[in-house]
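Before any comments, here is the structure.
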Amino acid sequence: MAENNRAVLKLKEKFAASIIDVAEFRGEVTVTVAKDAIIEILSFLKQSLQFNQLTDLTAVDYLGKKEDRFMMVYQLLSIPNKDRLRIKTPVSEAACSIPTATQVWLTANWLEREVYDLFGITFDKHPDLRRILLSEDWVGHPLRKDYPLQGPDREPYKGRLS
Numbered sequence: 680m681a682e683n684n685r686a687v688l689k690l691k692e693k694f695a696a697s698i699i700d701v702a703e704f705r706g707e708v709t710v711t712v713a714k715d716a717i718i719e720i721l722s723f724l725k726q727s728l729q730f731n732q733l734t735d736l737t738a739v740d741y742l743g744k745k746e747d748r749f750m751m752v753y754q755l756l757s758i759p760n761k762d763r764l765r766i767k768t769p770v771s772e773a774a775c776s777i778p779t780a781t782q783v784w785l786t787a788n789w790l791e792r793e794v795y796d797l798f799g800i801t802f803d804k805h806p807d808l809r810r811i812l813l814s815e816d817w818v819g820h821p822l823r824k825d826y827p828l829q830g831p832d833r834e835p836y837k838g839r840l841s
């Protein structure tokens, strides 16, 4: 069914070399694309296929499970076509950055700041890349799987046992 999706067909037609995978699960279509083509693909989806809303942007940490540690995830909505699409792109730990999507959707600004704050992924040419949830002096990125459970420099939680 994902193969018959209009957006998937158009993406395969225009960006065949950049499509890594197409999957469907429970009616949700996910297209994994190469990182170096992410902005061109997102722009095409917005301008040509009317995916006019970025509903969410986040990351996943696959520490030790995949070659590229992180996966950026973009949730898109086409209001005129009543269609949803998920775009994913791998981000390595060694080159832990990706171009900003603020040039496509302004709403990406705060969403990318949240990913930067919690995962430590930087967004090239972001207009205001700084922490949004944690204080500027916070050490580390709490949604990374190797972040200490109790936070940096803290005694383990003992709860009511002490």
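My numbering applies: residue 680 is where the sequence shown begins, and numbers increase by one. Using N, Cα and C, we set each Cβ at its ideal position, and we do this for glycine too. Note that this is a predicted model, so its numbers are computed, not measured.
Identity of the residues DSSP links to Tyr795 by a beta bridge: Here residue 795 is taken as the residue at index 116 of the sequence shown, counted from 1. Under the DSSP definition of a beta bridge, Tyr795 lacks any partner.
Straight-line CA distance for Met751 to Ile758? Indexing the sequence shown from 1 puts residue 751 at position 72. Indexing the sequence shown from 1 puts residue 758 at position 79. Rounded to the nearest angstrom, the two C-alpha atoms are 23 Å apart.
Just to confirm my understanding: we take Thr694, look at its own chain, exclude 5 residues before and 5 after, and list those with CB closer than 8 Å. What are they? The residue you call residue 694 lines up with position 15 of the sequence shown. Sequence inspection shows Phe at residue 694; the Thr mentioned does not correspond to that position. Excluding positions up to five away in sequence, the list reads Val712, Ala716, Glu719, Ile720 and Phe723.
Residues bridged to Val739 (per DSSP): The residue given as residue 739 occupies position 60 in the sequence shown. DSSP, once it has assigned bridges, lists Met750 as partnering Val739.
Excluding the 5 residues preceding and the 5 following Val687 in the sequence, name in chain order all residues of the same chain whose CB lies nearer than 7 Å to its CB. Counted from its first residue, the sequence shown places residue 687 at position 8. Once the five neighbours on either side are set aside, the close Cβ partners of Val687 are Ala681, Val701, Val708 and Val710.
When you compare the CB positions of Leu822 and Phe798, do they come within less than 7 Å of one another, or not? Here residue 822 is taken as the residue at index 143 of the sequence shown, counted from 1. Here residue 798 is taken as the residue at index 119 of the sequence shown, counted from 1. Taking 7 Å as the Cβ cut-off, Leu822 and Phe798 qualify as a contacting pair.
Cα-Cα, which of Leu812, Asp796, Pro806 and Arg809 is closest to Gly819? Start at 1 with the first residue of the sequence shown, and residue 819 comes out as number 140. That would be Asp796, whose Cα lies nearest to the Cα of Gly819.
Determine the burial state of Phe813: buried for a count of at least 16 other Cβ atoms within 10 Å of its Cβ, exposed for fewer. What you label residue 813 is simply residue 134 of the sequence shown in a count that begins at 1. The residue you asked about is not Phe; residue 813 is Leu in the sequence shown. With fewer than 16 other Cβ atoms within 10 Å, it is exposed.
How many Å lie between Gly706 and Asp816 at the Cα? For the purposes of this step, residue 706 is identified with residue 27 of the sequence shown, where counting begins at 1. For the purposes of this step, residue 816 is identified with residue 137 of the sequence shown, where counting begins at 1. Cα to Cα, Gly706 sits roughly 43 Å from Asp816.
Go through its chain and collect everything with a Cβ distance to Tyr826's Cβ below 7 Å, but skip five positions before and after it. Your numbering for residue 826 matches position 147 in the sequence shown. Answer for Tyr826: Gly819 and His820, listed in chain order.
List in chain order: all unbroken alpha helix (DSSP H) runs of 4+ residues lying wholly within the segment 760-818. Listed in chain order, the alpha helix (DSSP H) runs fully inside the segment 760-818 are 787-798, counting runs of at least 4 residues.
Could you check what DSSP says for Phe730 in three-state terms: helix, strand or coil? Here residue 730 corresponds to residue number 51 of the sequence shown, with the count starting at 1. Phe730 falls in the coil class under three-state DSSP.
Which residues in the same chain as Arg765 place their Cβ atom closer than 8 Å to its Cβ, once the five residues preceding and following it in sequence are excluded? Position 86 of the sequence shown, counting from 1, holds the residue named residue 765. If the five residues before and after Arg765 are omitted, its C-beta is found closer than 8 Å to the C-beta atoms of Glu707, Val708, Thr709, Val710, Val752, Tyr753, Gln754 and Leu755, all from its own chain and listed in chain order.
When you compare only the Cα positions, how much space is there between Arg685 and Ile698? As a first step, residue 685 is located in the sequence shown; it is residue number 6 there, counting from the start. As a first step, residue 698 is located in the sequence shown; it is residue number 19 there, counting from the start. When rounded, the distance between both Cα atoms is 15 Å.
Return the residue from the list Arg809, Lys824, Ser776 and Cys775 that minimises the CA-CA distance to Trp789. Here residue 789 refers to the residue found at position 110 of the sequence shown. For Trp789, the nearest C-alpha among the options comes from Arg809.
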